[in-house]
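To convert, note that position 231 of the sequence shown is 1604 in our numbering; the numbers rise steadily by one, no gaps. Where is the CB? At the ideal position from N, CA and C, for every residue including glycine. Written out below as structure tokens is the structure these notes cover.
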Amino acid sequence: MFSFIKKGLGKTLGAIKEILPEKVEKIDKTLLEEILIESDIPYELVEEIIYYLPPSQMLVRSDVKRVLQSYFMYENAPILSSQKPFVELIIGVNGAGKTTTIAKLAQTYKKEHQSVLLGAADTFRAAAIEQLKSWAEKIDVGIIYTQQGHDPSAVAYDTISSAVAKKIDHVIIDTAGRLHNQVNLSNELKKIVRICDKALSGAPHRKILILDGTQGSSAINQAKAFHEMINIDGIIITKLDGTAKGGSLFGIAKALQLPILYVGVGEGRDDLIVFNADDYIDTILD
Ligand code: GDP
């Protein structure tokens, strides 16, 4: 599942695999440290991981996995709601991959034979509205939009109301991502959240933050800023294809203590995979 990370790991891992037999039950601590560094896990975290492991040079694989998995203990906290529509608010800085991820989520739900309505509530950028409209057309889902500069919370309200009337299963609402104007953005996002609840009590059911997985610590700082504004429920990490950056997930998960819901592995509508810590860790160790 996470084979895309392997592609980026390059020669070192190849060399290690020649030394280690397939499916080793024991792992040499020095080699493990190299694997973790090569996976792009921040060095302080590699040191921390090594510290938490038993003091012997030859480590049992299950001990290593247990320590690595402890970084993703927030994974299994899905927010379940039987309410329809299930409303998701998509948050993140411009360029992180919000619009593309909305398309991917819509595609995922459509494949499950569920109906989807998009809300183009990033009314700050005309291009954002156009881009989302174009995806809606390609994926063949409905979209509620307005002109640039109009009230984003009104778009959110209209999208939810329309979805309720049409008995739509999923509402996915885009939002603006101009983090350089934090006070305005914070007020705007808080208002959208309030208005969602007004349109449908309990909505939004999930506030999802989109983070660019190639951004390292700056992604973590952005995430903290958004989390302070409106309490994020889960994250989706994009652009994990074609890079060795898989290890950035450790830093993000540790710093935010939030579940990683999906990871984006390409620009296409099908390039979204459910994040599974167990598979991810196996990919790093195998
Ligand atoms: P937004 O400004 O947050 O809405 O970002 P966009 O959805 O427009 O994405 C910004 C750029 O990143 C676009 O060129 C996307 O095709 C690209 N992108 C988004 N997600 C991924 C991903 O998972 N992998 C790759 N390689 N590119 C991505």
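In terms of Cβ geometry, Thr1532 and Leu1562 do not form a close pair [threshold 9 Å].
Within the stretch 1476 to 1542, complete alpha helix (DSSP H) segments of at least 4 residues are found at 1499 to 1512 and 1525 to 1538, given in chain order.
At a cut-off of 8 Å, the beta-carbon of Thr1474 counts as near the ligand GDP: some heavy atom of the ligand is closer than that. Nearest C-alpha to Val1638 among Trp1508, Leu1582, Thr1474 and Val1528: Thr1474. Taken in chain order, the complete alpha helix (DSSP H) segments of 4 or more residues contained in the stretch 1397 to 1423 are 1402 to 1411. With a cut-off of 8 Å, the C-beta of Thr1481 is classified as distant from the ligand GDP, since no heavy atom of the ligand falls inside that distance. For the pair Ile1581 and Leu1645, the CB atoms are not nearer than the 9 Å cut-off. By the beta-carbon neighbour count (other beta carbons within 10 angstroms, threshold 16), Val1528 is buried.
Counted as a single uninterrupted DSSP element, the beta strand (DSSP E) harbouring Val1636 occupies residues Ile1633 to Gly1637.
In this structure, the beta-carbon distance from Val1636 to Gly1550 does not fall below 9 Å. Looking at the DSSP output, Lys1580 shares a beta bridge with Leu1462. Segment contact: the stretch 1570 to 1585 against the stretch 1602 to 1612, three or more CB-CB distances shorter than 8 Å; contact assigned. Taking every protein chain shown into account, the CB of Glu1411 has 16 or more other CB atoms within 10 angstroms, so this residue is buried. Leu1505 is a Cβ neighbour of Thr1472, given a cutoff of 9 Å.
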